[in-house]
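In the UniProt record's numbering, the protein residues as written are 1 to 440.
By construction, the Cβ of each residue, glycine as well, lies at the ideal position given by its N, Cα and C atoms.
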Amino acid sequence: MTSLHSFRLSRRAFLRGAGVAMGLPYLEAMMPSNVMAAPMPSAPARMGTFYFGTGMNMRQFTPDDEGPAFKASRILKPLEPLRGHFTVLSNTYLAEGGGHDGAYPFATAVAKGEKQRISPDQVAAQAIGADTRFGSLQLSVDRGTNYGSQALATISWNDQGVPLAAENDPKLLFDRLFRPDTDEQKSREKGEFRRRNSILDLVLDDARQLQSQLGATDRQQLDQYFTSVRELETQLQRRIDWADRPKPEPQPTRPKDYTTARPGPEGNGDYLYDEYAKLMYDLIALAFQTDSTRVVSYVVRKELSGGVYPEFNVSKGYHALTHHGNDPQNLEELARVDAIYMTHWAYFLKRLQSIQEGDGTLLDRTVLGLSSGMGFEHSKDNLPTIVSGGGGLGIAHQGHLRLAEATPLSSVWQTMLDRVGAPVAGEFQDSKGLIQPLLS
Numbered sequence: 001m002t003s004l005h006s007f008r009l010s011r012r013a014f015l016r017g018a019g020v021a022m023g024l025p026y027l028e029a030m031m032p033s034n035v036m037a038a039p040m041p042s043a044p045a046r047m048g049t050f051y052f053g054t055g056m057n058m059r060q061f062t063p064d065d066e067g068p069a070f071k072a073s074r075i076l077k078p079l080e081p082l083r084g085h086f087t088v089l090s091n092t093y094l095a096e097g098g099g100h101d102g103a104y105p106f107a108t109a110v111a112k113g114e115k116q117r118i119s120p121d122q123v124a125a126q127a128i129g130a131d132t133r134f135g136s137l138q139l140s141v142d143r144g145t146n147y148g149s150q151a152l153a154t155i156s157w158n159d160q161g162v163p164l165a166a167e168n169d170p171k172l173l174f175d176r177l178f179r180p181d182t183d184e185q186k187s188r189e190k191g192e193f194r195r196r197n198s199i200l201d202l203v204l205d206d207a208r209q210l211q212s213q214l215g216a217t218d219r220q221q222l223d224q225y226f227t228s229v230r231e232l233e234t235q236l237q238r239r240i241d242w243a244d245r246p247k248p249e250p251q252p253t254r255p256k257d258y259t260t261a262r263p264g265p266e267g268n269g270d271y272l273y274d275e276y277a278k279l280m281y282d283l284i285a286l287a288f289q290t291d292s293t294r295v296v297s298y299v300v301r302k303e304l305s306g307g308v309y310p311e312f313n314v315s316k317g318y319h320a321l322t323h324h325g326n327d328p329q330n331l332e333e334l335a336r337v338d339a340i341y342m343t344h345w346a347y348f349l350k351r352l353q354s355i356q357e358g359d360g361t362l363l364d365r366t367v368l369g370l371s372s373g374m375g376f377e378h379s380k381d382n383l384p385t386i387v388s389g390g391g392g393l394g395i396a397h398q399g400h401l402r403l404a405e406a407t408p409l410s411s412v413w414q415t416m417l418d419r420v421g422a423p424v425a426g427e428f429q430d431s432k433g434l435i436q437p438l439l440s
């Protein structure tokens, strides 16, 4: 094949055109020319931590049985097609969690109001992020940090214990990944998305030249990548095209305490949540695929505020639902909302699984941990915790794994760090050590 025998490509290669430098996915042409003389390099390891504020309906989250063949609970059913690529962990515990301040100790085990320590994503960034444009990306449904409030917008803390601001706007994230950021370009392009040419159009000549030198497998990989970028550009452009058109006046149909701003720039409700969630997960996939970053944190649902959207068709906000009082409707609606979030999580995992990389997939080379600062009824016990991906990094998925009572959530982070090549020497937070059943 051409890509294996005659044409070599640097792992740090870019497509260039009109001031744009567009990263490339992992290709066979990036492998050594003589695979017999040199070891075939592995695709890089990636790590993601995801926060789902205010817990979940654990009565319909936790499976009744254990092992790889466990029967999926209602909330976990969207993940059925991905068996073998995730593990549900019961009995994870956050000593300083529970209540409404769980986002603070989530990644550090340090309570709100105390001096924070470095979060696991930043430990990973120091170990595996040096060779990427962004050492890490902090994402959220809200911009900034909201430090001091219960609705913390970030779960990332640097080694000085300072919270790292998160971004919530898909358009700005896309520009950070693909648009030039020189002063000249920023001045010319600020606020002018509709006037910009497609990133793909700007690098078209370079792309055509590259494709002519690649083998069939790499051409297919590059086509898939370009298609993903084009689809994202189209969705974001559509939002811009409609931005100046007046919207119809909404008819009040729901109680005031239900109405919440949908995610979007500055929380102005630019997106239905289904569209927003998929855009954000697609952007994370592209950031990993292009090796723009290897570390991501994402506040998928903030503590206390928000969490449900009009299209969810439930009677009240997420936090109000968690104070269910054993009311069947509250419990039903809570489970329905949680299942919607798991549907989007399944979308994300399938997206990563669809991207071939080396002798596996992007999901194989990425380990992802999701959980919350509370479990059910604001408890700090039995958090809704799932580890996904990482099969190529030595994660041995167990389906449903029931851990010892009160296993610190930090043990999950320590295990993930170990698998991505950022092992922690000595003690790590309040961890009791690596979760051995997850290690292959």
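- Taken atom to atom, the span from the alpha-carbon of TYR347 to that of VAL314 is near 22 angstroms.
- Of the residues GLN398, VAL296, GLY215, the one whose Cα lies closest to the Cα of VAL123 is VAL296.
- Bounds of the alpha helix (DSSP H) holding PHE348 are 328-353.
- Shown here, TYR26 sits in coil according to DSSP, grouped into three states, outside any helix or strand.
- In this structure, VAL420 and ILE128 form a Cβ contact; the two beta carbons are roughly 6 angstroms apart against a cut-off of 8 angstroms.
- Secondary structure at TYR93: strand, using DSSP grouped into helix, strand and coil.
- Measuring C-alpha to C-alpha distances from GLU275 to each of LYS171, ASP218, LEU368, GLN150 identifies LYS171 as the nearest.
- Cβ-Cβ distances below 7 angstroms link GLU303 to GLY53, THR54, HIS100, GLY102, ALA103, GLN150, ALA151, LEU152, GLY373 in the same chain, with the five nearest sequence neighbours on each side left out; the list follows chain order.
- The closest CA to that of ARG176, considering only GLN160, PRO423, LEU137, GLN213, is found on LEU137.
- Residue pairing of PRO81 in beta bridges, as defined by DSSP: absent, with no partner found.
- Going by DSSP, ALA285 is part of the alpha helix (DSSP H) stretching over 273-289.
- In this structure, ALA125 places its C-beta atom within 7 angstroms of the C-beta atom of GLY135.
- Per the coordinates, the alpha-carbon of ARG219 lies some 23 angstroms from the alpha-carbon of THR293.
- Taking C-beta atoms as the reference points, LYS115 and GLY161 count as a pair closer than 7 angstroms.
- Annotated three-state conformation of HIS319 is helix, per DSSP.
- Three or more beta-carbon pairs drawn from the segment 78-90 and the segment 336-354 are found closer than 8 angstroms, and the two stretches are therefore classed as touching.
- Our two residues, ASP121 and LEU173, have alpha carbons roughly 19 angstroms apart in a direct line.
- The beta carbon of THR343 is closer than 7 angstroms to those of PRO78 in its chain, skipping five residues each way along the sequence.
- Under DSSP, PHE52 shares a beta bridge with ARG301.
- In this structure, the beta-carbon distance from GLY369 to MET58 does not fall below 7 angstroms.
- Here GLY84 is exposed. Its C-beta has fewer than 16 other C-beta atoms within 10 Å.
- As a beta-bridge residue in DSSP terms, ALA166 pairs with GLY144.
- In the DSSP assignment, the residues bridged to ILE386 are VAL88, LEU370.
- Residue burial is scored here from C-beta neighbours: ASN330 has at least 16 other C-beta atoms within 10 angstroms and is therefore classed as buried.
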